[in-house]
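Following: one structure in structure tokens, then a few remarks.
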Amino acid sequence: MGADKIELANISRVIYEMIDVLICEVNGDPNKNAIQLLFKCILPKLIAASVDCKNANNLVRASYVTYSGLLLSKYGKSALSGYTILLQHLCYTLDGLERAEVRSARVSLVIGLMSLLPQKSYRNIVKWLIKLSTTAKVSHRHIAMEMLSKLLSNEPEENKSKETTSEKEISDNASPPTTEQQSQTVATDVETQDKLEDNTENQHAASMSTDDESSQELPITQKGIDDHEMTEEEVEGLLHARAHTVPLTEVLRAVYERVTDVSGTLRTRALVLLAECIASDRLAIHQAVEELNGNGAVSRLMAAGARCVSDERAAVRRAAVTLLQRLLARYPNPPPTDLGILVSLCRDASILVRSAAITALGELVIQSPSDTMIDAFLSGPMHQLSDPENKVQEQVVTLLQQILLDRLQKYETTDVEDPLPWMFLAGITRHNMRRHLQKACTLLAKNSNSINHRLVDMLSTHLGAACDDRDLQCLVLLTSIARLVDYSDISFVLDYYYKLADDTKSRDARLLPLALELASVWARWAAAAARVALRHHLVQRLASGDGEGQYHTTGCRIACAALAAQLDPDNLQWATELMQLSEQRALSGTGGGELEEWMRAADLSLVAPVPPSPGLLKLFLDALTDPPPEWCEAQRGACVAGAGRLCVRSREAAAAAAPRLAALLHHPAAPLAARLNALHALTDICTRYTCIVEPLLGAVCGCVEASAPAPLRRAAARALTRLLLAGFLRLRTPLYYRYCALLADEDHDVREPAEYYVTSCLTADAIYHHFVDCVLHYNKEDSAGISFDARQLIYDVMLQRLSLVQKLNVQCRLAREVLQHAADSLDEHDDLPPALHAALLDAITLLCGPRMKLPKKPQNTGDADIEDLHERVTTNIVSHKMKRTVAEVVVPAVLQLYARMGPRGGQLAVYLVRIATDLLNDYRHEIEELIENDEELVERVQQFQETIGLAPPFGNTRNLVTASAPPEPDTPRAPRRRPRVPDGGAAPRSYKKRALRI
1 MGADKIELAN ISRVIYEMID VLICEVNGDP NKNAIQLLFK CILPKLIAAS
51 VDCKNANNLV RASYVTYSGL LLSKYGKSAL SGYTILLQHL CYTLDGLERA
101 EVRSARVSLV IGLMSLLPQK SYRNIVKWLI KLSTTAKVSH RHIAMEMLSK
151 LLSNEPEENK SKETTSEKEI SDNASPPTTE QQSQTVATDV ETQDKLEDNT
201 ENQHAASMST DDESSQELPI TQKGIDDHEM TEEEVEGLLH ARAHTVPLTE
251 VLRAVYERVT DVSGTLRTRA LVLLAECIAS DRLAIHQAVE ELNGNGAVSR
301 LMAAGARCVS DERAAVRRAA VTLLQRLLAR YPNPPPTDLG ILVSLCRDAS
351 ILVRSAAITA LGELVIQSPS DTMIDAFLSG PMHQLSDPEN KVQEQVVTLL
401 QQILLDRLQK YETTDVEDPL PWMFLAGITR HNMRRHLQKA CTLLAKNSNS
451 INHRLVDMLS THLGAACDDR DLQCLVLLTS IARLVDYSDI SFVLDYYYKL
501 ADDTKSRDAR LLPLALELAS VWARWAAAAA RVALRHHLVQ RLASGDGEGQ
551 YHTTGCRIAC AALAAQLDPD NLQWATELMQ LSEQRALSGT GGGELEEWMR
601 AADLSLVAPV PPSPGLLKLF LDALTDPPPE WCEAQRGACV AGAGRLCVRS
651 REAAAAAAPR LAALLHHPAA PLAARLNALH ALTDICTRYT CIVEPLLGAV
701 CGCVEASAPA PLRRAAARAL TRLLLAGFLR LRTPLYYRYC ALLADEDHDV
751 REPAEYYVTS CLTADAIYHH FVDCVLHYNK EDSAGISFDA RQLIYDVMLQ
801 RLSLVQKLNV QCRLAREVLQ HAADSLDEHD DLPPALHAAL LDAITLLCGP
851 RMKLPKKPQN TGDADIEDLH ERVTTNIVSH KMKRTVAEVV VPAVLQLYAR
901 MGPRGGQLAV YLVRIATDLL NDYRHEIEEL IENDEELVER VQQFQETIGL
951 APPFGNTRNL VTASAPPEPD TPRAPRRRPR VPDGGAAPRS YKKRALRI
């Protein structure tokens, strides 16, 4: 500005001296009312400086903060009440608090000013903030929450040493306070502070000691005010120089109470603060958390986290995931039920929640590895390798690399190895999740260079060095990465295979098939001599094996034949000769083992260039229809498996065998092994000839009925899901009804594949188009007996996928196809059919349920919670025309049905009253527009409300705007006269308008 700094400093000094004179009495004693008035003038300056976060305003704010501290330091007790009221008004003023940067600046300002208070006043302000966190306005609760979060860094009251009375006075220049100014209560109620100058506090001589209020010196000097050269960082350091104590337990409890706040932002912030407290290293915070949790079987924080994972806001659910993770990390072996909460969130509708749950389970596995943790990881994040979002897949793959690949080392007998990767591989083999591991390795090979020959070198040192369990884990990982790595030195694989083949001890039956699979993948890199020797060994085993003592001959016959054919694909004469030899023995009944020769011929037919004879197929088909009575269950199951292998080779064989396999699958008295193999055979046929299996889907769907054996139901659920995911089947009725019924199955292994497909893969449009049909189908008498609760669970899973507009359309369809149909049936018959009665009960329950309710419109209460903007936008997406359509269809249907069923009473009539009440609340404006010109409908609505005991508020409304507006006041109006135009044609004189103040 070009002003002289010396002159400006002189003017400032004169102004400060004038202010000092004005705020003091004639006798020199400070006037507390004048000081309050001065703080009132400072208040808007501080608020304006915190709203606009510019550098110039930061300097202004630092100056006013320093001057406020000087006033408190200089005038002591007289300035304490006004200073406290200033702090309260800084928290209570709503200007700009909807912005995060303004809230942050305001909180930093208030916390700095609070640090100048004596301990007793500081404690009272903390209590006032706790009370502010429970007020009606969201913005007040929000800034109170932020203030409390800053106070959690203070020391607790019980650990603070008592202050002595020998400390210095507040300021050497402070005048001694009078007797009337010794002590004042600063915890004033905000609602009574309409005017700052009228707020005075009650005098209580014994409420606080004189030493407590005057024994703490303020670290502010007069020079800092006069020179105006202190930066904001220096002032902030001065303001935070004094340490205060707070009741940490009360503050933490106030934060905990905000977990159930109506504002989603506050719920999220409270959960985040609680999670930070759990992760804190301070002993005082840990003690406060333990006191808050209580001594019950389930801690309060765990119960709060379990409730919040079902919150409607995704941000709240994500914060709850972090809280649960911190709680579970405190226990070495957390209960599986608690881990199941995080597992269920891995399939949340929000990608943010899914990512948080996956990260939480991955960190828990790394921090405290155990079988329970690994089982939870395999049940949740591992299944998200098929997530529709690529980011989620990459997140799971990154965790898998940290858990498994980055921790593998070469086998050394002297070194102490990391047990986590081997525990993880043990879980893979325990849950039979090798396909998931293969997909993870494929994604890793695309995104990183962790799948390479060095990994194979490390695993080769473990193979055959320890035990069968370690060998199994190595082979599982090697077969998962074999197709992704070109590895030429496969001598260790061949040596391990020869060792297994020549071993006479009892070994794990899973080792040899995996070794053969690994050898078949890398066989192209073997030397010519090794290939010839391996082929000769395999053919010799196939030709001479009779099944006695050679477990690998029958169990791995197909793998051995396929590998031998791969080693020399141009010379398959051995396969044809061996197959024809087994056929001759099978047809003639010689060779010792009748069924064994059948199976050998069927296995060799998969690689032989010549098709098998029709007589072999006839043997299997006759045995399927009329098995020999001396066969056991294992033999019947083997016969079904052999017939399935012949079906893979020929379409004619598949067409001939599929009906008999379906009949066997549908036969409840058939052995379980035979039915399981028939299901697998039909699945293999479906992948090649879908048109053959589609007419027989009824038999496959019968496997998932409640009366079927549990292993068959689980296998059928997995098989149907795989066929649907691969596109070999289309989810059409009646398969749709049977498959969706699995959503409410009591068996988790049956329910889990259906939940995954419906929630992640099935389109929302398909669910919407079949929703009402499902309601009608599940209530038919000939359908499977599904309980009322199970049906509601199925509907709930479906409604989670529908959009708001689709839910409104579902309301219309339920009203048309169920409610109106029931009303028409009552006109013709006295009673409803049982199926229609059950469907009507389901429809009414759905219309009353929370999934069908419209989101409430935000009330204009002056709250400025900008985080709720998403909810408001979602509410406004639903057009007025769509709501009007619902009001036109659903309301008349409910009234018509109630007119038929109201006199009879019962549960349905009670539900109808509840629906009508909800409709009147949710669609009030639309109903008013609908019935404004329909006198008959107005009368019906009024009669209905009088029947249920409500005052009828409806009538002929003028329009939507004035329907709920208060009546206009009658104001006297004087007759107006038109201004007389002069003869000269000049413009009329303009008169000043009069406004009547009412």
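FYI, the UniProt record's numbering numbers position 322 of the sequence shown as 322, with every residue one higher than the one before it.
All C-beta atoms, glycine included, are put in the ideal place defined by N, C-alpha and C.
With DSSP as the reference, label Val246 as helix, strand or coil. Residue state, collapsed to three classes: strand.
Taking the alpha-carbon positions, what's the Asp261 to Arg307 distance? Their Cα atoms are separated by approximately 13 Å.
Give the secondary structure of Cys24 by DSSP, where H, G and I count as helix, E and B as strand, and everything else as coil. Note: Cys24 maps to strand in three-state DSSP.
Is the distance from the Cβ of Asp415 to the Cβ of Arg407 below 8 Å? For Asp415 and Arg407, no; Cβs fall outside 8 Å.
Would you give the residue range spanned by the alpha helix (DSSP H) that Tyr736 belongs to? In the DSSP annotation of this structure, the continuous segment of the alpha helix (DSSP H) that includes Tyr736 starts and ends at 735-740.
Determine the closest residue to Leu459 out of Leu444, Ser68, Arg541, Leu475, with distance taken between C-alpha atoms. Distances from the CA of Leu459 to each of Leu444, Ser68, Arg541, Leu475 were compared; the closest alpha carbon is that of Leu475.
Can you name the residues that DSSP bridges to Pro156? Pro156 pairs with Val246.
Leaving out the 5 sequence neighbours to the left and right, which residues in its chain are closer than 7 Å to Ala843 when beta-carbon positions are compared? Within the same chain, Cβ atoms closer than 7 Å to the Cβ of Ala843 are found at Val775, Leu814, Val818, Leu819, the five residues on either side in sequence being excluded.
For the region 278-365, which segments carrying the alpha helix (DSSP H) assignment without a break, of at least 4 residues, lie completely within its bounds, in sequence order? For the region 278-365, whole alpha helix (DSSP H) runs of length 4 or above, ordered along the chain, are 283-293, 300-308, 314-328, 336-345.
Neighbourhood of Glu17 by C-beta distance below 6 Å, restricted to the same chain and skipping five residues each side: Excluding sequence positions up to five before and after Glu17, its CB lies less than 6 Å from no other CB in the same chain.
Check for me: the alpha helix (DSSP H) holding Trp128 runs from which residue to which? Residues 119-132.
Tyr67, buried or exposed, once every other Cβ within 10 Å from all chains shown has been counted against 16: The residue is buried, with at least 16 neighbouring Cβ atoms inside 10 Å.
For Ile481 and Leu516, which I take to be in contact (beta-carbon distance under 8 Å), what is that distance rounded to the nearest angstrom? Separation of the CB atoms of Ile481 and Leu516 is rounded to 17 Å, and the pair is thereby denied contact status at 8 Å.
Can you tell me which residues form a DSSP beta bridge with Pro569? Looking at the DSSP output, Pro569 bridges to nothing.
Could you give the DSSP three-state label for Pro30: helix, strand or coil? In this structure, Pro30 counts as strand in the three-state DSSP scheme.
Within the continuous alpha helix (DSSP H) that includes Asp789, where are the two ends? 788-801 is the extent of the alpha helix (DSSP H) around Asp789.
Kindly indicate which three-state DSSP category Gly224 falls into: helix, strand or coil? Residue confidence is low: Gly224 scores 37 on pLDDT, short of 50, so the model does not pin down where it sits. No coordinate-derived value is stated.
Whole alpha helix (DSSP H) runs in the region 505-565 with 4 or more residues, listed along the chain? With a minimum length of 4 residues, the continuous alpha helix (DSSP H) runs that stay inside the region 505-565 are 511-522, 528-544, 551-555.
Bounding residues of the alpha helix (DSSP H) (the contiguous stretch that carries residue 1010): Any property of residue 1010 remains undetermined from this structure, which presents the chain solely from 1 to 998.
For Lys137, name the three-state secondary structure that DSSP assigns. Of the three classes helix, strand and coil, the one that applies to Lys137 here is coil, per DSSP.
Verify whether the separation of the beta carbon atoms of His666 and Ala699 is less than 8 Å. Contact: yes.
From Ala303, Pro334, Tyr331, Arg347, pick the residue whose C-alpha is nearest to that of Ala314; which is it? Residue Arg347 is the option with its Cα nearest to Ala314.
Mapping the DSSP letters down to three states, classify Ser263 as helix, strand or coil. Correct three-state label for Ser263: coil.
Coarse secondary structure for Asp415, derived from DSSP in three states: For Asp415, the secondary structure class from DSSP, reduced to helix, strand or coil, is coil.
Give me the Cα-Cα distance between Val26 and Lys77, rounded to the nearest whole angstrom. Computed Cα separation, rounded: 18 Å.
Within the continuous alpha helix (DSSP H) that includes Ala706, where are the two ends? Counting along the chain, Ala706 falls outside any alpha helix (DSSP H), and DSSP gives it neither H nor E.
Terminal residues of the alpha helix (DSSP H) in which residue 1001 lies: Residue 1001 lies beyond the range of the chain shown here (1 to 998); nothing can be said about it.
Return the Cβ separation of Val51 and Gly112 in integer angstroms, given the expectation that the two are a contact with Cβ distance under 8 Å. About 17 Å separates the Cβ atoms of Val51 and Gly112, ruling out a contact at the 8 Å cut-off.
Let me make sure I understand the geometry here. Which of Pro709, Ala706, Cys701 has the alpha-carbon closest to that of Thr721? The residue with the shortest Cα to Cα distance from Thr721 is Cys701.
Nearest CA to the CA of Leu572: which residue from Glu597, Leu538, Glu257, Trp598? For the residues Glu597, Leu538, Glu257, Trp598, the minimum Cα distance to Leu572 belongs to Leu538.
List the endpoints of the continuous alpha helix (DSSP H) containing Tyr497. Looking at the DSSP string, the run of the alpha helix (DSSP H) that includes Tyr497 is 491-502.
Whole-angstrom distance between Ala360 and Pro381, CA atom to CA atom: Rounded to the nearest angstrom, the two C-alpha atoms are 10 Å apart.
Using 8 Å as the threshold, is the C-beta distance between Ala79 and Leu71 below it? Going by C-beta atoms, Ala79 is nearer than 8 Å to Leu71.
Can the beta-carbon of Leu912 be found closer than 8 Å to that of Val894? Between Leu912 and Val894, the gap from beta carbon to beta carbon is short of 8 Å.
Could you give the DSSP three-state label for Ile915: helix, strand or coil? Residue state, collapsed to three classes: helix.
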